[in-house]
Structure formats: C-alpha cells, structure tokens
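Here's the structure we're looking at; comments come further down.
Protein chains: 2
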Amino acid sequence: MTFGLARRQVRPSVPLRPGEGARNRLTSLEGLAALSLDALSSVAYGPEAIVVVLVAAGTGALTATLPITLVIVGLLAVLVVSYSQVIAVHPDGGGAYAVAKKDLGPRVSLLAAASLVVDYVLTVAVSLAAGAASLASAFPALAPYSLEVCLGGLAVLTALNLRGIAESARALMLPAAVFVVSVLGVVVVGLVRSGPVAAVGGSMTFPAMEALGVLLLLKAFSAGCSALTGVEAIANAVPGFRTPRVRRAQRTELMLGALLGAMLLGLSLLIRRDHVAPREGVTVLAQLTAGAYGTGWGYYATNIAVTLVLGLAANTSFGGLPVLMSLLARDNRLPHLFGLRAERPVYRYGVVALALLAALLLIAVDAETQRLIPLFAIGVFIGFTISQTGLVRHWLTTRRSGRIPRALLNGLGAVLTSAAGLVLLTTKFLEGAWVVVVAVPLLMLLFARVQRYYTAVGEELGLGRVPGPPGRTDSLVIVPLGEVSALARRALTAALALGDEVVAVAVHSDPERARALQNAWARWDPGVRLDIIDSPHRSLVPPIVAYVRRVARDGRQVAVLIAEVEPRHRRYRILQNQRGILLATVLRARTDVVVCLLPYRIDL
Amino acid sequence: MTFGLARRQVRPSVPLRPGEGARNRLTSLEGLAALSLDALSSVAYGPEAIVVVLVAAGTGALTATLPITLVIVGLLAVLVVSYSQVIAVHPDGGGAYAVAKKDLGPRVSLLAAASLVVDYVLTVAVSLAAGAASLASAFPALAPYSLEVCLGGLAVLTALNLRGIAESARALMLPAAVFVVSVLGVVVVGLVRSGPVAAVGGSMTFPAMEALGVLLLLKAFSAGCSALTGVEAIANAVPGFRTPRVRRAQRTELMLGALLGAMLLGLSLLIRRDHVAPREGVTVLAQLTAGAYGTGWGYYATNIAVTLVLGLAANTSFGGLPVLMSLLARDNRLPHLFGLRAERPVYRYGVVALALLAALLLIAVDAETQRLIPLFAIGVFIGFTISQTGLVRHWLTTRRSGRIPRALLNGLGAVLTSAAGLVLLTTKFLEGAWVVVVAVPLLMLLFARVQRYYTAVGEELGLGRVPGPPGRTDSLVIVPLGEVSALARRALTAALALGDEVVAVAVHSDPERARALQNAWARWDPGVRLDIIDSPHRSLVPPIVAYVRRVARDGRQVAVLIAEVEPRHRRYRILQNQRGILLATVLRARTDVVVCLLPYRIDL
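Heads up: the sequence lines are chains A and B, in that order.
Per my numbering, numbering of the first sequence is gapless, rising by one per residue and ending at 594.
Per my numbering, numbering of the second sequence is gapless, rising by one per residue and ending at 594.
Okay, structure coming up:
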C-alpha cells in the first residue's frame, strides 16, 4: 500500500440508540409528559411558598394568596404566548443560551449559560426537597430523614442517568397523567365539598410578625414565581417533536400553560376558602388533598404521585444540564471532557457534576425547600428575559409582516419578566438570593477563562495554519524486561516491528539475579541487546527514567514499550500491571518519549 | 549499531539516601533508640493492663500485680537470652518470617507472616490509643476526642512515612532518653518518697465482681504480656548495626532487657506500695508520675514524653510492616505492588495498607487501649515460638560444640512462649482474641492464593524455559487526530518513525466539519492517508475502537499513537488529556493493539 491522499467516509456499525431515531420523536401529548413535569410539579411548592411568606403577617394575611396567584397566572399567560413565538423563530431549540449566542452576542450568552447552570442545579435540589416533604406528609416517620431521602433519590437518579436510562416519554405519561388528574381532582372535589378540612399534621401558631405591607406582598409574589420555572423547557426541545414540530410544540406549550394555570388558580381558591395555613410535618398540597379526599388511600396515592413527579422533575435537569455543558465545552467555555461521551451516549462528567453540586446544595440547606426557594427562579427569570429580548431583536431585524405586534408582545414579556426578576432579586437578596448574585458572575468568569485557555492552546498548536511537513527520523524502541519469558518474546516482537533499533533493559539490585538473567538471555539469543541497570535501592522506575533520558539525546524518535500481563479476571488486576503503569506515568511526566503499552492477556 | 549480545552494567547516578550507606549504620546505643521504643514504651500500658484485669476482684486483688510482673520479667529474661542466640545465628536479620522460611518450611513461614502482619497493625493501634490516653491524662479536655487524636496522629505518621522521612536513630535518641530517665525517675523518686499519692483523675469504685481465682490471675498475666511486645525487633534488624554487628546487636538486646525489666519491676513495686487502682481519665503511669513528681511541670513533661514515645513506637511498625510486605511480595505471596518503590525509597502501598488497617481497628474499638489489649501480643507470641523452635531445629542440625545447651535454652524459650501464647489465647478468646484466630488463617489463605496465582502466571509465561525467537512482522501505526495542527505534525513524525505504514483517522459527527478537515488535509499534504469515520452520535471512542479492530486483522503489528497536549501548569490538566486517556483505556481493554502515548508539551 502506498502513502497517498485517499480519504474515505467510513460508516461505523454502531446502531442508532432509542430516542435518537426519527420514529421516536414526540407527539404533543408525549411532549407534555416529557417536557413539562418540571413546570407542572411546581404546583407542589409554588402555592406553599406564597403561604409561608404571607403567614409572617398572621393567618389573616393568607387571603392575599389568591390575588398574588392571579398576577402569577397572568405572567404565565404572557410567557406562554411569548414562548410560542420563540418556538416559531427557533425551531432548532437550544434555549436561552443558543438564542443569546445568535442574537445578543457572546457576553449575554455567558450570562444565559451561567444562570441556566444555576437553575438546573436548583431545580434538582428544590424538586428533591419538595418530593421528600411530600413523602414525609404521607409517611411522617420519614420526616427526620429528609436529607437522607433526598440524597438517596439523587443517587438513584445519578445512577440511572449514568447508565443512559434517560426518561422515555411514554413511561412518563402515566405518572404525569396520575399527577395532573389527582391535583385537578383535589381542586374539583375540594371546591364541591363544603365540609371541614380533614386535619393532617400538627397545628402551629402564627403571631403577626410583620404588617401586610407592599414588601411582604412582593416577597410572596417572588416566592410564588418558583411555580413558573420549567415553562421554557418545551421551547428548548423543539427538534424532539414530530413534524409539524413547530405546531406540535406550540400546542404543547399552550396545554402546559392551561393546565398549570388551572391548577395554580384552583389550589389558591381552595387555600382561600379553607383558610389553609402551614401545619407541622405536612405540605400545603397535602392538606388540600386531605381536605378533598380525606386521609384514606386517595391521600396516600396523591402524595406518592406528587413525590414521583417531583423526582422525575429533578430528572429533567439531568437531561438538560449535561447537554448544556457539552454545548459550552464545544464552544471552548468548559473543559472538553464535558463534551465527551464514552461508550454510552451519556455526558457522564456533566451528570456527575450536576449530582455533586445538587448534593452540596441539599446538604447546605439541610434539604429544606423553603431555604432553597429564595435562590430559585432568579436564574429562570434571567433566561426568560434574555429569550424575550433576543426575540425582540430578531423581530426588529426581520422584514416579515406582523413583526411590530410580535415585537411588542415579546417586549412586554421581556419587561414583565425582567421586572419580576428584579423583584425576586431584591426581595430575596438577604435570604439567599445573594448566592445566585455571586455564583452567576463567578460562572461567567470561569467560562471566559476556560475559553481564553483554549484560545491560547489553539495559538500554540497553530490551528488554522498549514504546518510544515512531518519529519522523517529513525526510531529506537526500549523494552524494559524482568526475565526471559513468553512475555519478553511478545514484547520484542512488537518492538522489532515498530523500531529501527531495539534494546532491552533490565533493572536488578541483586548481582546474582543479574548474572542469571544474562545467562538466560544468552541461551535465548533473541538478536536484541540487553542492558542491565544496577539499582542497589531496589527502585525500578528512577533508573529506567535516567537510562531513557540518557539514550534519548541523539535525535531519534525514542519509544519505551511496556508489556504487561493482563489477567482475564478483574480480581487479579491488583496482582499485576502496577509496575508498568507506574513506569508509564513517570516516563510521561518526566520525558518526551513515546510510551507504548502492550497488553499480554493470560487466561487467569 | 548492530543487534548483538552486548551486555553492560549501567550504574545509575542516583545517590545513596541517608540510612542506606554503611556510615549510617547503628551503634549499640543508637540501636536501642531506633529499635526498642516499641518494647520500652509498653510500660505505659502493660502494668495498667494487669491492674485493670485484677481490679475485677476488688482493689484488694491488686497485690497480685507484683508476682505477676515477676513472672513476666522472668519470661523477658528467657526471651532476651534466646534472642541473643537468634542474633548470632541469623546475622542477616529478617525476623520470624525469615527464620521460619529457612528452618521450618513454607507453611510455618506463612503462619509467621500472618501473625506478624496482625501484630504490626495492632502495635500501631495500641501505641496510638495509649498515647492518646497519656495525652488526655495531662490535658483532660482532650479526653472525649481520643479517636480523633489517634486518627490525627496516624495521619501525621502516614504522611511522614510516605514522604520517606523515616525515623533517624539520632533524632530518636533524645525522646527515648527523656522517656527512660523520666520513667526510671518515677520509680526512684516514688520509692524514696513516702508521702501520700497526689490525686489525679476521678475516683472510681470497684466492687469485687469476681473471686481472685487462677483464671483471673492468668488473664492478668496475659494482659501484662503486652509489655513484652517489641523484644524481637532488634533481632530482625541485625544488618542495620555497625560491625561487629552481632556483638553490638546482642549488647543492645541485653540493654533493652535490663531497662524494660527494671521499669516493669519498679512500677509494679510502686503500684503495690501506693495501692494504685484505675482512676477516671488518667492512666496508671500518670498516677505514678503524679505520685513521684507531683502535678507540676514534671507531670506534664513525663506525660508528653510518654505520648511522644508511644507515637514513635507506632512509627516503628511503619518501618517494619511495609518491609515485611515487600518480602512477601518478592516471595509471590502478596501483590507485587507491595514490593514497588516509586521514586522515594518507600514502600508506599505497604504504608497505606498499614495506615488503613490501623485506622479501621481504632475506629472499631473507639481508640480504647483496653479493648485492644486482648487482641494484642498473641501474634507476637506466635512469632516468639516460631523463632525459638526454628533455632532449636537449627542447633539440632548443626555440629557446633555447645549446641545441646543452646538448643535446651531455646527449647525452654519455645515452651514458655508457646505456653504463654496459649494462655493469652484461651483467657482472652471471648474478649477479642477470636479476631486474631480468624484473621491469621485468613491472611495465610490470602498469601497462599496469591502465591498460587503467580505460579500459574509463571507457567503461562513459560518462566524458566527458553522461548522461541521473537517474530518479525510489519507494522501499521494508526494516528487519531482532530484537526490539522502542530500537534498533528508532531504525531505523524513520531508515527512515521515507528510504523512501516501510517494512517491518520478522524471522527466527525458533522459532515461540514469533516469536509473542512479533508480540505485542510489536502492543503497540508503530509503524505499520510486520512480516514474519516462518521459518528452521528458524537461519540468518539467506540467508532475508533471499531475501526482499529477492523484493520487489526491482517497479522501486522498494529499500534495506535495518541498525541495529547500536556500543559505545563497542573491546573490546566483537567482542560486537556481526557479524550486521549479515555481512548487509551478502552483500546487497552478491548483490543490487543499497542497503545502509544505521545506528550506534546505547551507552555501554558
């Protein structure tokens, strides 16, 4: 065969995996199950967050829950319509990061990326914490172990995602349906029934600590905005829909808006009518459930469905963040390893990073939902604002008819979401939002520094320039050996195939053994020189490194070929291989030679 | 240069390290400091162990302390004389394991090795626990943190030993001297003074739970035998002495015996005269110290010296066990990695193994000396018995004059130590000695299984037979590349030097990028074929592995050369290298090709 410029397209034989083929794309309903659990499940903590804030002004202040929820639902309506336009304009999905990169420049895209990272991590933490609270409502014995329940759930999610068993839309439809039906059932049954609320949990007393002023109302609003997280998920995943994908995705977005709005309004109506206040050991949603279904099996089933859906909502972050991190890695803004998929189609480093960050966060707040709420949603609202602003810019640069009303609608969305974001930030600042204010710029700085490094590497490697032709030199292959054996024969065979000159080298501390090896070598006579290095300290690696350095000075390409026994059984690995790996590691750190590793498999 | 059978002795330029040169060998006094701390420091827990057992029969039973100590000192005398003979017969040292391997066959040597391993680990645990107790006697605030103090001390010892800062005999002489002088001072001052004992610690009441029967006396004796551990250390280390090494080592052994005997006897005399019983929060030795010196600075200084010497005694195990493990590794009875020294002359795997085992043990008994004592000394007495028995055998096979009295003396030693060992085992069985009875055979089994594995590997490799001549084949070097760059040029240069044929291979999921690469390649024209593999899933490793497997079928030696950017700063490592390491790992696991790693250093 001659060297030449033949180029072939080689097709790998790896089959397509489930979820990657065209047949597996989503219908509208499947899309609802796959992409809206994050948003829908937030009814489990959104109304509760409002109630917990308002009760600081006494139980009488809880009447403000309904008007606050009305404002939030109004904001939801604007968001849903705006995101229907995002879907039409960005049918390739990609979310706030992609939109910002295209329409708003690199700096804004860094802001979008940082706030998305923060929010994905928070989604995992909040969902797990709320799920644990819901589980503890049904099984009070679990209440003292919220953190353990959360970390256990996190471990399960991480393991599943590392194994590449991501959510399948069809598998999610059942819990999603049970959840939606249960919660809507709570609303309907609760509004129809007029009896007293079944008492679950321990009663608490709430002295009026604060007056019900504007600030408290704003705080309650911003806490309730946590119910709006996840509304953007559908727009990020338009390519996952079946054709006509834009219409299907828009329909899913509208369904999500209608369902979420109905659940939020219904629950707050119930809260108002039944004067629901926080009770010890149960969630607000659990109280409403007990009010509607009593404390029988309906109560348990609903709580378990809520727990399950919250767990699955946490899982959507595992779908989202690793992909975002791989995009950042491809843009040189995160270490390239986040863009690696090994043999499973899983960004394992991203999955592990998400799990670690969420675990740290859960431990820091001891798995209390209410301590996470102040951090939550700020990132989402940054993303909302960026998406809307990008779209306004898009409409202003296009010449399509109807661009002015569209720009106005997205502009309204941008103004409302940025206003809400500012309210969130200012009212929650001291309670934890400052963490986000610190974390987001730090993440942006990290992305920027990583990018600077990769740019510098590209310079050093002369990317984009045509390098000189490769050099032509002779080669010397050094083969460290311990004794004359089949392993030595295999190593010399490989070395002779690779090197223009081959030399074997052995280290011995014992002159007697050295002599024995020389004699065995002479009897074998493999046609290769053997150098024996004396090492009175029984050390193996430093003498070989010194030897390699000495002979590596003559301009030839030097390679060290390390043959190592590889037992078939894993349990024997510890009995083998260490010497070679040690030598290879030190040679790579201390010399510029090529280190060649040759496995010699034995049947043990 | 021609291939030929030239063999050279190459001297490495690595200088001798301290402690390895002839000039650094030990005098008798230095030997006492370096090798007897383990034995001498046992006065800090030996007498206490007797008292703690006897007090179960009420404080009146404590009068038995003195006769029990007399028996133990008698046993000590026999051991010291016997070990003087061991030193003469085995001037190369090596301890019970070496003696057993030479004189008593492989099975007994496994027993010796297993019991030595158990005892080295126990020495570390007991010394640290006793040291923490001594420290807590001086600083009662530390009492609740014994485990933390022990683990902290263990961490320091491990770190020092991993860095190769082993004990230097001269550095040990000062604390050893302070310790010996302090303790002998306690004895002398205490016996001279006749005032009441200064009260330290809280008083405890001791109802007579048991009658002072033979069993309790035997129990107290066996607990006190923990004071005899470490007597064998000098005989194990004869090669470390300056010439005439046998005479010097014997002299050290006698000095050790005299000092240890004097301290044990003196302390038990004091215990008897002052009716010392255990008190809350202080050790028996601390009580005696307070009795002699009062509770001023002399008390603190002595306690701190005791703590220090106990810590240093734990350190002697770090000198001994890793060496024993390396001997076992050389005999194929432990994984060879325990025989590895990296760049420092330290058996790091042995050090780490010792630290882990000792930490587990300390955690299991919550750092309480009295819970460790029942496990302790059994291994030592097995070693004693094996050494003496081996020597009897040696005398019986030699023809030297005076062999009969010598054999009788060692025979007496063997009988006494085996009897004492049996007493230890039976009296302490339920209190913890069963752990040793389980651990020792398990260790022996482990050694035997490891040895069987290495023997089988030797068979497979045809060790000892002359293999066929190495084969002669052509080679194909595959170079995975991402883009045209200086890195690609360097990789092709190395590959062309090594391979008869070279082919570059690139994986791309994006057809546009693939075309761009093809064009850049054509412009560069390096004289090497480029194959582009299509990977729609963005995965990198599986397509390359499949490609390598496909081309590796034609009988040529195939190598895959992976060039990786190596940034100068450690902090950038995470930004680089991962892809290549991943590919190398999978190729080594899944294929038989040679994997070549080429570092490309950049100044970042």
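We put the CB at the ideal spot given by N, CA and C, even for glycine.
Predicted model only: the values in this text are computed from it and were never measured.
Put simply, the backbone Cα of residue 174 (chain B) is about 8 Å away from that of residue 256 (chain B). Beta-bridge partners of residue 586 (chain A) (DSSP): A:551, B:586.
When 8 Å is used as the limit between beta carbons, residue 326 (chain B) is near these residues of chain A: 565, 566, 568, 569, in chain order.
Relative to residue 336 (chain B), the option among B:104, B:152, B:482 whose CA is nearest is B:152. Every unbroken stretch of the beta strand (DSSP E) spanning 3 or more residues and falling wholly within the segment 434 to 521 of chain B is given here in chain order: 465 to 470, 491 to 498.
Across the structure, residue 117 (chain A) and residue 326 (chain A) are spaced so that their CA atoms are roughly 29 Å apart. Distance from the Cα of residue 167 (chain A) is smallest, within the candidate group A:295, A:547, A:432, for A:295. Contact annotation: in the segment 431 to 455 of chain B, residues whose CB is within less than 9 Å of a CB in chain A are 440, 443, 444, 446, 447, 448, 450, 451, 452, 453, 454, 455. Within the segment 468 to 484 of chain A, the residues whose Cβ lies closer than 9 Å to any Cβ of chain B are, in chain order, 473, 474, 475, 476, 477, 478, 479, 480, 481, 482, 483, 484.
In summary, no residue of the segment 93 to 127 of chain B has a CB separated from any CB of chain A by less than 8 Å.
If you draw a straight line from the Cα of residue 579 (chain A) to the Cα of residue 587 (chain B), it comes to about 12 Å. Sorting A:420, A:354, A:148 by C-alpha distance to the C-alpha of residue 137 (chain A) places A:354 at the top. Using a Cβ-Cβ cut-off of 8 Å, residue 562 (chain B) counts as an interface residue toward chain A, since at least one Cβ of chain A sits closer than that to its own. Bridge pairing for residue 557 (chain B): B:592 [DSSP]. Rounded to the nearest angstrom, the gap between the Cα atoms of residue 41 (chain B) and residue 366 (chain B) is 17 Å. Rounded to whole angstroms, the gap between the alpha carbons of residue 109 (chain A) and residue 467 (chain B) is 47 Å. Annotation: the continuous alpha helix (DSSP H) that includes residue 315 (chain A) extends over 287 to 320. Rounded to whole angstroms, the gap between the alpha carbons of residue 421 (chain B) and residue 360 (chain B) is 10 Å.
Look at residue 523 (chain A) here: in three-state DSSP terms it is strand. For residue 385 (chain A), no chain B residue has a Cβ inside 9 Å of its Cβ, as the nearest lies near 29 Å away. Checking the DSSP bridge columns, you'll see residue 270 (chain A) partnered with A:192. A residue is called buried when at least 16 other Cβ atoms come within 10 angstroms of its Cβ; residue 559 (chain A) does not meet this threshold and is exposed. Contact of residue 549 (chain B) with chain A is assigned, a C-beta pair being separated by under 8 Å. For residue 465 (chain A), the closest Cβ of chain B is nearer than 8 Å.
The Cβ atoms of residue 28 (chain B) and residue 148 (chain B) lie no closer than 8 Å to each other.
For residue 395 (chain B), the number of other beta carbons within 10 angstroms of its own is below 16, and it is reported as exposed.
By the C-beta criterion, the segment 397 to 409 of chain A is judged not to be in contact with the segment 83 to 93 of chain A, since fewer than 3 inter-stretch pairs fall below 8 Å. At a cut-off of 8 Å, the C-beta of residue 584 (chain B) has a neighbouring C-beta in chain A.
Within the same chain, 399 come within 7 Å of residue 71 (chain A) by CB-CB distance, once the 5 residues on both sides are set aside. The alpha carbon of residue 562 (chain B) has as its nearest neighbour, out of A:191, A:299, A:443, the alpha carbon of A:443. Three or more Cβ pairs drawn from the segment 54 to 71 of chain A and the segment 202 to 218 of chain A lie within less than 8 Å of each other, which places the two stretches in contact. Here the alpha carbon of residue 264 (chain B) sits roughly 49 Å from the alpha carbon of residue 436 (chain B).
Excluding the 5 residues flanking it on each side, residue 25 (chain B) has same chain C-beta neighbours closer than 6 Å at 223, 224, 227, in chain order. Its Cα nearest to that of residue 183 (chain A), the residue A:280 stands out among A:425, A:248, A:229, A:280. Under the three-state reduction of DSSP, residue 366 (chain B) is assigned to coil, being neither helix nor strand. For residue 227 (chain B), the nearest beta carbon of chain A is not closer than 8 Å to its own beta carbon.
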